[in-house]
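Visitor: Structure incoming, see below.
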Amino acid sequence: MPARYFLDTNVFVYCFDRRDRRKQARAESLVGQALDDHVGIISTQVVQEFLNVSTTKFARPMNRNESRAYLDAVLSPLCEAFPTIALYREALDLRANLGYSFYDALIIAAALEAGCSTLYSEDLQDGQTVRDLKIVNPFGKLVGKTG
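Residue numbering for the sequence shown is 0 to 146, as defined by numbering that gives the first Met the number 0.
Next up, the structure:
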């Protein structure tokens, strides 16, 4: 079975960002593979953050029907990490030990709890390993290359 990976909110946002076609293509590839191969997961936090950004900050914000359609087709099938008191405790420990914000620590904690080997995020420290979880910026090699 392929290794499971966790997708941070920014991956989903780049699926809709036409300003950088390479990042958009990379994001679409990761999300597509996550859905097709059942190897990618997200948490409820990612769902919440994406729905907020997509309905308020996109150049053309998603309307309710578009948001619901994306929620049902993409976000819901990938959402396997749900908040628990244990998750919050883990996030508090990660915040104290690693210096991340609480919300970034929640993403890391959710990925760890789900048994993921990789966390794809543009916002965290690329290459850092937290226990058995490697943080990877999926857009790192694309920086400065627009298309």
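All C-beta atoms in this analysis are idealised placements derived from N, C-alpha and C, irrespective of residue type, glycine included.
Check the DSSP bridge columns for Phe5 and list the partner residues they point to.
Guide: Phe5 pairs with Ile40 and Leu118.
Visitor: Is the shortest distance between the beta-carbon of Asp35 and the beta-carbons of chain D less than 8 Å?
Guide: Reference to chain D is not applicable here, since this structure consists of a single protein chain.
Visitor: Write down the C-beta distance between Phe11 and Ala113 rounded to the nearest angstrom, noting that I regard them as a contact closer than 8 Å.
Guide: In this structure, Phe11 and Ala113 do not form a Cβ contact; the two beta carbons are roughly 17 Å apart against a cut-off of 8 Å.
Visitor: Measure the beta-carbon distance from Ala109 to Leu86 and round it to whole angstroms, keeping in mind my assumption that it falls under 8 Å.
Guide: Rounded, the Cβ-Cβ distance is 6 Å, consistent with contact.
Visitor: In angstroms, rounded to a whole number, what distance separates the CA positions of Gly143 and Arg17?
Guide: Bear in mind that the predicted position of Gly143 carries a pLDDT of just 49, short of 50, making it unreliable; the figure below should be weighed with that in mind. The straight-line gap from Cα to Cα measures roughly 15 Å.
Visitor: Asn133 by DSSP, collapsed to three states: which one?
Guide: Residue identity check: residue 133 is Lys in the sequence provided, not Asn. If DSSP states are grouped into helix, strand and coil, Lys133 belongs with the strands.
Visitor: With C-beta atoms as the reference, is Gly39 less than 8 Å away from Leu50?
Guide: no
Visitor: Between which two residues does the beta strand (DSSP E) harbouring Ala109 extend?
Guide: First-last for Ala109: Phe101 to Glu112, but that is the alpha helix (DSSP H), not the beta strand (DSSP E).
Visitor: Given Pro60, which residues of its chain have a CB within under 8 Å of its CB, disregarding the five upstream and five downstream residues?
Guide: Ser53 and Thr54
Visitor: Does DSSP put Ala58 in a helix, in a strand, or in coil?
Guide: coil
Visitor: Output the distance between the C-alpha atoms of Arg88 and His37, rounded to the nearest integer angstrom.
Guide: 28 Å
Visitor: Am I right that Ala33 and Leu77 are in contact with their C-beta atoms under 8 Å? What's the rounded C-beta distance?
Guide: With a Cβ gap of about 6 Å, Ala33 and Leu77 count as contacting.
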